[in-house]
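Quick note, the sequence shown lines up with residues 10 to 268 if you use my numbering.
Okay, structure first, notes after.
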Amino acid sequence: MEAIVLNLHKWDIHNHEQNKMMLDYICSNIASRFNLYGLNGMPRRATIIEALARYPCLTCVVEKLSEKTVKNEAVDPFYKECHRLAVNILVEELFYLLTRMGYKIAISTEMDLDYGKVDILINLTNYGLSLKNATKRLIIEVKTGNSISFSQIFRYLLDSKCNTIIVWRIRKRQVLVFNAQKLKPLLAEFVRMICLRAERLLSSKQIPSCQHVKNVSYQPSQEELQQAFEDFSEALVETLPTVLDIILKQLRIIPKQNV
Ligand SMILES: [Zn+2]
Numbered sequence: 010m011e012a013i014v015l016n017l018h019k020w021d022i023h024n025h026e027q028n029k030m031m032l033d034y035i036c037s038n039i040a041s042r043f044n045l046y047g048l049n050g051m052p053r054r055a056t057i058i059e060a061l062a063r064y065p066c067l068t069c070v071v072e073k074l075s076e077k078t079v080k081n082e083a084v085d086p087f088y089k090e091c092h093r094l095a096v097n098i099l100v101e102e103l104f105y106l107l108t109r110m111g112y113k114i115a116i117s118t119e120m121d122l123d124y125g126k127v128d129i130l131i132n133l134t135n136y137g138l139s140l141k142n143a144t145k146r147l148i149i150e151v152k153t154g155n156s157i158s159f160s161q162i163f164r165y166l167l168d169s170k171c172n173t174i175i176v177w178r179i180r181k182r183q184v185l186v187f188n189a190q191k192l193k194p195l196l197a198e199f200v201r202m203i204c205l206r207a208e209r210l211l212s213s214k215q216i217p218s219c220q221h222v223k224n225v226s227y228q229p230s231q232e233e234l235q236q237a238f239e240d241f242s243e244a245l246v247e248t249l250p251t252v253l254d255i256i257l258k259q260l261r262i263i264p265k266q267n268v
């Protein structure tokens, strides 16, 4: 264990590096307490941060952290299929657009392949895709349902080298841009909340049981699915130009030659 002492009184939450260290420290402590390690032997940060961010009730946090397997939250394959379709359409449009502008593009589905000298690398991920050029990394999260998770977005902003996340909420017809620089004070408060809660958990001798009901997975009716798909297909076509436009702007793409 690293010799960082969690001293909540001497913590300057405006110190970004210190915040990251605090979060690392907390995650490694929680991981060792609940035996939460990934295949690579590292603490399962996503699970830990999501559980801490979600429940003010320590019993609920413990329950979540003690789940043996990663529960496949019974997402209807229908939504997964919508997600896949939207990501595939977006990837090909980006590839086409950027290639026509004279850039050398590679698409990878794995993180650590070496694609040598490309201008922009497009990575397919389970949330959507990421784009990387010489100076910037951009995450694009594709959302087909109505849900949105701030803790997930904050986690990406804190964990990755990525400064900007674009959330394409298709059915809401929204393209939201989250920027780490602009969100700095809020990210700091988020880290502090996670650490304080973890500290409360780690220092509790006894955690009483609770009666909180966990949400059972919701099954939409046939009519609802039908409606959802109609919304989705209309909104996808309608918002595709917007999302492409915003991606290019965020990457500061200037055409290399006339299109
Ligand atoms: Zn509870």
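Virtual Cβ for every residue (Gly too), placed ideally from N, Cα, C.
This one's a predicted model, so the numbers in the text were calculated from it and none came from an experiment.
- Could you check if Leu260 is buried or exposed, using at least 16 other CB atoms within 10 Å of its CB as the buried criterion? Start at 1 with the first residue of the sequence shown, and residue 260 comes out as number 251. The residue in question, Leu260, is buried, as its Cβ has 16 or more Cβ neighbours within 10 Å.
- Task: Please list, in chain order, all residues of the same chain as Arg146 whose beta carbon is under 6 Å from its beta carbon, the five residues on each side excluded.
- Result: As a working mapping, residue 146 is identified with position 137 in the sequence shown. Hits under 6 Å: Lys170, Cys171.
- Query: Helix, strand or coil: how does DSSP classify Glu150 here?
  - Reply: Counted from its first residue, the sequence shown places residue 150 at position 141. Strand.
- Item | Run of the alpha helix (DSSP H) containing Leu205, from where it starts to where it stops | Along the sequence shown, one-based indexing puts residue 205 at 196. That run of the alpha helix (DSSP H) goes 193-211.
- Say yes only if the C-beta of His23 is nearer than 6 Å to one or more non-hydrogen atoms of ligand 1, and no if none qualify. Here residue 23 is taken as the residue at index 14 of the sequence shown, counted from 1. Because no heavy atom of ligand 1 lies under 6 Å away, the Cβ of His23 does not count as near it: no.
- Message: Less than 8 Å between C-beta atoms, sequence neighbours within five positions excluded: which residues of the same chain meet that for Leu211?
- Response: For the purposes of this step, residue 211 is identified with residue 202 of the sequence shown, where counting begins at 1. Only Asn38, Ile39, Arg42 meet the Cβ criterion.
- Query: DSSP beta-bridge partners for Pro52?
  - Reply: Start at 1 with the first residue of the sequence shown, and residue 52 comes out as number 43. DSSP lists Tyr46 as partners of Pro52.
- Simplified DSSP state of Ile175, which is helix, strand or coil: Start at 1 with the first residue of the sequence shown, and residue 175 comes out as number 166. Ile175: strand per DSSP, three-state reduction.
- Just reading off the beta strand (DSSP E) that Ala115 is part of, what are its end residues? Position 106 of the sequence shown, counted from the first residue, corresponds to residue 115. Going by DSSP, Ala115 is part of the beta strand (DSSP E) stretching over 114-117.
- Query: With which residues is Ser37 paired in a DSSP beta bridge?
  - Reply: Here residue 37 refers to the residue found at position 28 when the sequence shown is read from its first residue. In the DSSP output, where bridge partners are listed per residue, Ser37 has none listed.
- Query: For Thr68, is the beta carbon positioned less than 6 Å from some heavy atom of ligand 1?
  - Reply: As a working note, residue 68 is residue 59 in the sequence shown. Remark: the shortest separation between the CB of Thr68 and any heavy atom of ligand 1 falls under 6 Å.
- Report yes if the C-beta of His221 is less than 6 Å from at least one heavy atom of ligand 3; otherwise report no. The model on display carries ligand 1 but not ligand 3.
- Message: Looking at the strands, I want to know which residues DSSP matches up with Lys141.
- Response: For this step, residue 141 is matched to residue 132 along the sequence shown. Answer by DSSP bridge pairing, in chain order: Leu130, Arg146.
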